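Residue numbering for the sequence shown follows this note's numbering, starting at 118 and increasing by one per position.
Below: the structure, in structure tokens.
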Amino acid sequence: MRGAKNFLFWNSQAITVKSNVLFKVAIYFFYAVPLVFVSYLYLMALHAQQTFFTPVIREPIITIMFVIAMLNPFFAVLTKAAVNDLKSKKHVKLSYMTLWMVAVSQLLIGNLFASAILLFGLHQQRKEQPMLVKAKKIELKYKGAYVRLFGSTLVFFLSIVCLFLLIKIHWNNE
118 MRGAKNFLFW NSQAITVKSN VLFKVAIYFF YAVPLVFVSY LYLMALHAQQ TFFTPVIREP
178 IITIMFVIAM LNPFFAVLTK AAVNDLKSKK HVKLSYMTLW MVAVSQLLIG NLFASAILLF
238 GLHQQRKEQP MLVKAKKIEL KYKGAYVRLF GSTLVFFLSI VCLFLLIKIH WNNE
């Protein structure tokens with residue numbers, strides 16, 4: 118019987134590690150996207166023998182992609198703050214809402230990889246600690262709650278704007 122308890126304890130710890138690892142992978146991915154995109158811009162400018170920002174200025178689709186890439190560090194900061202609150206079991210409802218907004222924002226801008234990682238991490242977190250999600254209301258009285266709520270709303274709004282601009286550019290090119 119003792120071996121079964123150790124096995125069950127090990128499995129529950131493995132699930133906890135999974136959700137934290139998934140969130141860390143998403144955070145590192147968010148930090149890597151701007152670096153990869155700027156490297157791409159640099160190589161494209163070198164190949165065309167132009168200045169660095171010439172493709173951004175001349176091509177509207179590259180401009181929107183540049184804005185999307187530069188939004189990713191903000192996604193990382195929001196995700197990191199929400200994960201830290203989930204670890205300390207503080208402000209759980211606001212953290213879940215922030216992570217959902219970041220996941221949906223990633224889905225809107227076409228980043229299926231990051232959205233899937235975040236959604237799977239949220240699912241794992243919910244399985245690990247089902248009682249934490251039962252909080253009835255969002256506490257906005259602590260320091261930084263309004264800033265996080267405003268930040269996640271702003272990034273979500275910018276993601277919607279980028280989506281509509283991409284659709285408009287696509288329809289104008291047809």
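We put the CB at the ideal spot given by N, CA and C, even for glycine.
Every value quoted in this text rests on a predicted model; they were computed, and no experiment measured them.
Three-way DSSP call (helix, strand, coil) for residue i in this model
{"i": "T168", "result": "coil"}
{"i": "E245", "result": "helix"}
{"i": "K206", "result": "coil"}
{"i": "K135", "result": "helix"}
{"i": "G227", "result": "coil"}
Beta carbon of residue i nearer than 8 Å to that of residue j
{"i": "I174", "j": "L283", "result": "no"}
{"i": "A231", "j": "S212", "result": "no"}
{"i": "P172", "j": "L160", "result": "no"}
{"i": "P190", "j": "F147", "result": "yes"}
{"i": "I234", "j": "L152", "result": "no"}
{"i": "K141", "j": "Q241", "result": "no"}
{"i": "I286", "j": "L225", "result": "no"}
From the options, residue whose alpha carbon lies closest to that of residue i
{"i": "K362", "options": "L225, L152 and K260", "result": "One cannot answer for residue 362 here, as it falls past the ends of the chain, which runs 118 to 291."}
{"i": "C279", "options": "I185, S212 and N290", "result": "I185"}
{"i": "I144", "options": "S276, L266 and Q223", "result": "Q223"}
{"i": "T215", "options": "V272, A233, V138 and Q166", "result": "V272"}
{"i": "V155", "options": "Y263, F230 and F169", "result": "F169"}
{"i": "L275", "options": "L188, N137 and H164", "result": "L188"}
{"i": "V219", "options": "A193, Q241 and V209", "result": "A193"}
{"i": "S269", "options": "D202, Q241, K244 and T196", "result": "T196"}
{"i": "N137", "options": "K204, F183 and A262", "result": "K204"}
Residue range of the alpha helix (DSSP H) that includes residue i
{"i": "G261", "result": "It is not in any alpha helix (DSSP H) - G261 carries neither H nor E in the DSSP assignment."}
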